[in-house]
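The sequence shown: position 61 = 50 (the working numbering), numbered continuously.
Beta carbons are placed, not taken as given, at the ideal position from N, Cα and C, and that holds for glycine.
Heads up, the thing below is written out as structure tokens.
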Amino acid sequence: MKLYLEKLITGVVVLSVSILMHFLTTSQIREATLAGVSPRAIPYLVAKAVFVMALIMIGQALYLYFRERKTANISRSEVSFQRFPFLLFLLMGAYALTMVYGGYFIASFTILPVMMYILKERKARNYLILAGLIIFIFIIIDVLLKIRLPKLGLFGII
-10 MKLYLEKLIT
0 GVVVLSVSIL
10 MHFLTTSQIR
20 EATLAGVSPR
30 AIPYLVAKAV
40 FVMALIMIGQ
50 ALYLYFRERK
60 TANISRSEVS
70 FQRFPFLLFL
80 LMGAYALTMV
90 YGGYFIASFT
100 ILPVMMYILK
110 ERKARNYLIL
120 AGLIIFIFII
130 IDVLLKIRLP
140 KLGLFGII
């Protein structure tokens, strides 16, 4: 399969998931009654970011298609992220499921290092930075913004 076709298919799938995320966010999570940040804010921003990334991926596919038409074949080794796009996409889904059933810390400390390992990150320093970022994001979202994240267990009950 041509590289531009793989990017186009992946981009369309991710675009459709982002549109679904947007509609689920706006229909299933209610706005805050008081002024401030609502629980809808973070999933809504993630849906918008995934939408923009999908558009960029589709743009890359179009660029590669027109470049291939003008020049010789593009080798698969030119693009580093093309090796595991669907595996990373499945891990994003596993992160969401683990977040619901296991909580923020279990999901973040298991799935995110696996994603980094698949992307061939081997430096221990970057894993320590990831751990610090996970704790920092928790402090900002849960403590400062007072948006509840699932701590442990089924839907954060435990």
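- Remark: fewer than three beta-carbon pairs, one from each stretch, lie closer than 8 Å, so the stretch 52 to 61 and the stretch 86 to 93 are not flagged as touching.
- A residue is called buried once 16 or more other Cβ atoms fall within 10 Å of its Cβ, and K112, having fewer, is exposed.
- Two segments are said to touch when three or more pairs of C-beta atoms, one from each, lie closer than 8 Å; by this definition the stretch 98 to 112 does not touch the stretch 127 to 141.
- Taking the Cβ atoms as the reference, V6 lies roughly 7 Å from V39, within the contact range of under 8 Å.
- By alpha-carbon distance to Y(-7), the top candidate from D131, I45 and A30 is I45.
- For S27, the secondary structure class from DSSP, reduced to helix, strand or coil, is coil.
- Around the C-beta of S16, fewer than 16 other C-beta atoms lie within 10 Å, and the residue is accordingly described as exposed.
- The Cβ atoms of I118 and L77 do not sit closer than 8 Å to each other.
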